[in-house]
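Enquirer: Residue numbers (full-length UniProt numbering): 1 to 303.
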């Protein structure tokens with residue numbers, strides 16, 4: 001999901017330039033860009049088989065994303081609006097926190113309209129249209145997920161900057177890197193996993209730790225955006241997200257602040273000699289990023 005990074009929309013700090021639609025709202029993608037989408041789609045559709053939750057698969061089927069070209073946002077919007085009242089919002093590569101939360105609060109999902117270059121298929125600095133559309137939009141057809149995301153936007157919009165860093169951790173551990181237990185076994189619902197081949201395989205392996213989801217624990221868990229995740233929180237049902245929407249999340253934030261953060265499960269970022277600590281206020285094309293222990297270059301394994 002698209003995350004903010006400064007006080008004004010900007011492409012500063014990114015090598016990518018978002019494409020603008022024409023007067024009819026159509027973005028004219030190049031042959032190379034459409035071929036990149038096709039390569040990513042073919043690879044991920046194979047990898048996610050038997051690994052993602054049924055709600056994601058249902059949403060993917062409803063969206064009917066083309067495999068040979070980048071979809072137009074208007075086509076995605078028609079499905080989302082009918083399903084849950086959501087739609088996309090075409091944005092530049094970086095947007096401010098306030099814009100990000102305001103869009104979510106109004107059920108508008110920010111999508112940066114660029115796609116990675118062929119040279120960056122496996123390592124992308126800023127989540128692109130493939131991550132946003134393929135990784136996240138299918139889940140936005142699910143009412144529990146859609147309601148949680150909108151509620152998160154409303155709460156984030158009203159929160160103080162010092163508290164948004166805590167909310168960012170909750171977002172990271174759910175919308176981006178969440179897992180859920182189902183009758184068919186453990187499955188992925190987080191878009192940061194679904195759009196990444198490495199995370200897709202890693203998340204369900206025995207290598208990382210898995211813990212039952214607890215909102216307070218998630219708020220207290222540091223993370224880095226430039227490594228495979230060492231810990232995933234697992235919901236017992238996606239309905240838990242809807243229940244979470246009705247809780248007093250800011251009261252939980254206050255409790256998390258009083259208790260303090262857990263010790264990081266990762267080493268300091270290379271060239272870093274200080275203990276990882278929260279970095280409030282950063283946002284980029286992937287949701288509010290309070291990347292504990294990482295610097296501002298927002299590198300990630302989204303692919």
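Note that CB positions come from ideal geometry on N, CA and C, so glycine has one too.
Which residues in the same chain as residue 216 place their Cβ atom closer than 7 Å to its Cβ, once the five residues preceding and following it in sequence are excluded?
Expert: Locating residue 216 in the chain shown gives position 216, where the first residue counts as 1. If we look at residue 216 and ignore the five residues flanking it on each side, its Cβ neighbours are 252, 255, 256.
Enquirer: State buried or exposed for residue 26, treating a residue as buried only when at least 16 other CB atoms are found within 10 Å of its CB.
Expert: Within the chain shown, residue 26 is the residue found at index 26, counting from 1. By the neighbour-count rule (16 or more Cβ atoms within 10 Å), residue 26 is not buried but exposed.
Enquirer: Residues in its own chain within less than 7 Å of residue 114 by CB, not counting five upstream and five downstream?
Expert: The count along the chain shown starts at 1 and reaches residue 114 at position 114. Non-local beta-carbon contacts of residue 114 in its own chain, meaning distances under 7 Å to residues more than five positions away in sequence, involve 16, 17, 18, 19, 93, 128, 129 in chain order.
Enquirer: If I follow the unbroken beta strand (DSSP E) through residue 236, where does it start and stop?
Expert: The residue you call residue 236 lines up with position 236 of the chain shown. Element bounds for residue 236: n/a, residue is neither H nor E.
Enquirer: Is it true that the stretch 209–229 meets the stretch 108–124, where meeting means three or more beta-carbon pairs spaced less than 8 Å apart?
Expert: no
Enquirer: Going by C-alpha to C-alpha distance, which of 122, 160, 235, 223 sits closest to residue 265?
Expert: One-based indexing of the chain shown puts residue 265 at position 265. Of the candidates 122, 160, 235, 223, the one whose C-alpha sits nearest the C-alpha of residue 265 is 223.
Enquirer: In the DSSP output, what is residue 91 paired with across the bridge?
Expert: Residue 91 sits at position 91 when you count from the first residue of the chain shown. Answer is 112, bridged to residue 91.
Enquirer: What do you get for residue 271, buried or exposed, if any count of 16 or more other CB atoms within 10 angstroms of its CB means buried?
Expert: For the purposes of this step, residue 271 is taken as residue 271 along the chain shown, with counting starting at 1. Burial call: exposed.
Enquirer: Tell me whether the beta-carbon of residue 141 lies closer than 8 Å to the beta-carbon of residue 245.
Expert: Locating residue 141 in the chain shown gives position 141, counting from the first residue. Locating residue 245 in the chain shown gives position 245, counting from the first residue. The answer is no: Cβ separation not under 8 Å.
Enquirer: If I measure Cβ to Cβ from residue 68 and keep anything under 6 Å in the same chain, skipping five residues before and after, which residues do I get?
Expert: Within the chain shown, residue 68 is the residue found at index 68, counting from 1. Taken in chain order, the residues that qualify are 38.
Enquirer: Any idea if residue 163 is buried or exposed, counting beta-carbon neighbours within 10 angstroms, 16 or more meaning buried?
Expert: Within the chain shown, numbered from 1, the residue matching residue 163 stands at position 163. Counting Cβ neighbours within 10 Å, residue 163 comes out buried, since at least 16 surround it.
Enquirer: What do you reckon, are the CB atoms on residue 89 and residue 71 nearer than 8 Å?
Expert: Position 89 of the chain shown, counted from the first residue, corresponds to residue 89. Position 71 of the chain shown, counted from the first residue, corresponds to residue 71. Cβ distance not < 8 Å, so residue 89 and residue 71 don't count as in contact.
Enquirer: My guess is that residue 195 and residue 131 are in contact by the Cβ rule of under 8 Å, so how many angstroms apart are they, rounded?
Expert: Taking the chain shown and counting its residues from 1, one reaches residue 195 at position 195. Taking the chain shown and counting its residues from 1, one reaches residue 131 at position 131. Residue 195 to residue 131, Cβ: 4 Å. Contact.
Enquirer: Please name the residue in 55, 269, 24, 262 whose C-alpha comes closest to that of residue 146.
Expert: The count along the chain shown starts at 1 and reaches residue 146 at position 146. That would be 55, whose Cα lies nearest to the Cα of residue 146.
Enquirer: How should residue 42 be labelled, buried or exposed, when 16 other C-beta atoms within 10 angstroms of its C-beta is the threshold for buried?
Expert: Here the question's residue 42 lines up with position 42 in the chain shown. Of the residues assessed, residue 42 falls on the exposed side of the cut-off, its CB having fewer than 16 other CB atoms within 10 angstroms.
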